[in-house]
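Taking the working numbering, the leading residue of the sequence shown gets 369, the next gets one more, and so forth.
See below for the structure under consideration.
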Amino acid sequence: MAEFLTTPRLALREFTGADLVDLVELYNDADVMRYLNGGRPVPRDELRDTILPKLMRGYPRYGGGPGCWAAQSRADGQFLGWFALTPAGADRPDEAELGYRLRRSAWGVGYGTEGSTALLRKGFTELGLTRVFAQTMAVNRASRRVMEKAGLAYVRTFHETWDDPLPGTELGEVEYALDVREWRHRQA
């Protein structure tokens, strides 16, 4: 199982089939999924047949590694969740979307910021990215705080149309971003 990168407390590595049990727990925690699907359980079959294969899919643009990495504690190997740098699309090859999903037990101790900051560094120094952005529901204050602490700045609020809108949808979605020039300026 190949490691993508490490931080003082985290190891980000490729997903394997053995991660299914941990993903079932993560995706079936109503608090974790609150702003994603309203906290509804995600069936094991869907995780096994659709979500895990998607998480395991590689992005050749990133040196053959995946765009999403399982996060585990370096201290004890415990699965904490995942982090992602997903290519923005063929029309924006030098941009990626930052994402993360962490177990409740990993909330509030800086893992979100630590993993996000490490991915920003790797994206800007090794992967040739010029811009990284992240999006969440406007009401998801905890995720917005992670984005801010990682150095991303608020860009805009926008509204999507959903078949089954979640509570808070009426307040919109927000986008935060950081470009490589600003990132370099802050590193100096």
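Ideal Cβ positions, reconstructed from N, Cα and C, are used throughout, including at glycine.
On a predicted model such as this, the values are computed, not experimentally measured, just so you know.
Would you kindly work out how many angstroms separate the C-alpha atoms of residue i and residue j, rounded to a whole number?
i	j	result
residue 479	residue 459	32 Å
residue 513	residue 403	15 Å
residue 410	residue 556	44 Å
residue 389	residue 414	13 Å
residue 527	residue 504	11 Å
residue 509	residue 420	27 Å
residue 387	residue 483	19 Å
residue 378	residue 529	36 Å
residue 538	residue 507	10 Å
residue 391	residue 382	14 Å
Which class does residue i belong to by DSSP, given the choice of helix, strand or coil?
i	result
residue 420	helix
residue 467	strand
residue 387	helix
residue 507	coil
residue 449	strand
residue 541	strand
residue 525	strand
residue 413	helix
residue 374	strand
residue 498	coil
residue 547	strand
residue 381	strand
Taking Cβ to Cβ, would you say residue i is nearer than 8 Å to residue j?
i	j	result
residue 467	residue 454	yes
residue 485	residue 464	no
residue 546	residue 470	no
residue 499	residue 462	yes
residue 536	residue 525	no
residue 490	residue 394	no
residue 401	residue 408	yes
Pick from the options: whose alpha carbon is nearest that of residue i?
i	options	result
residue 456	470, 497, 471, 548	497
residue 450	525, 437, 522	437
residue 501	447, 552, 520	520
residue 375	554, 440, 523, 535	440
residue 385	373, 418, 396	418
residue 544	551, 531, 448, 522	522
residue 494	474, 548, 475, 515	548
residue 511	532, 542, 531, 492	542
Return the chain-ordered list of same chain residues with a C-beta closer than 6 Å to the C-beta of residue i, the five sequence neighbours on each side being excluded.
i	result
residue 399	472
residue 534	406
Please go through the same chain and pick out, in chain order, the residues whose beta-carbon is closer than 8 Å to the beta-carbon of residue i, but skip the five residues on each side of it.
i	result
residue 443	377
Counting only the same chain and skipping the five closest in sequence on each side, list residues whose C-beta sits under 7 Å from that of residue i.
i	result
residue 474	448, 449
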